[in-house]
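Here the sequence shown stands for residues -23 to -1, 1 to 155, where the numbers follow mature numbering (1 follows the signal peptide of the UniProt record, and there is no 0). Take a look at the structure set out below.
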Amino acid sequence: MYWCKQKPIFAISFCLLFFVACRPDEQQTTPQYFGLEPYFKAEAERLNKLHPTINKSVIYNSHAETKLVAIKNWKQELGLFIESDINKPAWRNDYKVTVKADSVFYNAIDTNLRTRSIVIVNRAHKIKLIAITNFTKNSLYQTTDNLSYYPDSVYRIEKRQSVKILGANNYQITGRFK
């Protein structure tokens, strides 16, 4: 009867060893490309704390308006930049990377990808410019976004959209830091 009492202990020990030994290997999660999402989220947090005044111009199909504003939600304001992040596991080898002395270029190899190109200019280990081109085309519409961000200077969002039934729309948002 002594061996009956050891059976549950043996079974539990075996199960514990089995589950510990069969856990999946930890995968390397180091981003392959520059992380736009973490960069712009950090910028949004920084700008939310600074509360800078912005001279914001909006041009919509040749109608222009300019105002001095204080942006309350920088994460939303920089949303198109955040959404352009290319660090996705499925896209690991879908961008050609070209490194020059003070800049890095990412160009989409697959023309079905929304983010077609990213240019990052560094000087003295500080980002001076991030320029992004996004393109989407389907049976209903075609959209091109050109995004530019000069830290603490200016950001620009240019969007050209052509919808089959409604026609073309163009808008440009420029925010200049004061």
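Beta carbons: idealized from backbone N, C-alpha and C, even for Gly. Just so you know, these numbers come straight off a predicted model, no measurement behind them.
Unbroken alpha helix (DSSP H) run spanning residue 158, endpoints: Only positions -23 to 155 of the chain appear in this structure, which leaves residue 158 out of reach.
6 Å Cβ shell around L106 - same chain, five flanking residues per side excluded: Taken in chain order, the residues that qualify are V98, Y127.
L13 vs S61 beta-carbon contact at 9 Å: Going by C-beta atoms, L13 is nearer than 9 Å to S61.
Where Y118 falls: helix, strand or coil (DSSP): The answer is strand: DSSP assigns Y118 an E or B state.
F17 - DSSP class collapsed to helix/strand/coil: Helix.
Whole-angstrom distance between N70 and D2, CA atom to CA atom: Bear in mind that the predicted position of D2 carries a pLDDT of just 48, short of 50, making it unreliable; the figure below should be weighed with that in mind. Computed Cα separation, rounded: 22 Å.
Through-space distance from K103 to R137, alpha-carbon basis: Across the structure, R137 and K103 are spaced so that their CA atoms are roughly 30 Å apart.
Reference T151, options E135, V140, K141, A145, closest by Cα: Here the closest residue by C-alpha is E135.
Reduced DSSP category for L143 - H, G, I as helix; E, B as strand; rest coil: L143: coil per DSSP, three-state reduction.
Residue from S39, K26, T120 with nearest C-alpha to K52: With distances taken between Cα atoms, K52 lies closest to K26.
Alpha-carbon spacing of K73 relative to V46, whole angstroms: For K73 and V46, the distance between alpha carbons rounds to 38 Å.
Range covered by the beta strand (DSSP E) that runs through S80: Counted as a single uninterrupted DSSP element, the beta strand (DSSP E) harbouring S80 occupies residues 80 to 85.
Residues near L57 by beta carbon distance below 7 Å, same chain, minus five either side: For L57, the CB contacts under 7 Å within the same chain, skipping 5 residues up- and downstream, are D122, L124, I134 in chain order.
Cβ-Cβ separation, N64 to N147 (assumed contact under 8 Å), whole Å: The pair is not a contact, with the Cβ atoms about 30 Å apart (cut-off 8 Å).
Cross-strand partners of H40 (DSSP beta bridge): For H40, which the question treats as bridged, DSSP gives the partners Y37.
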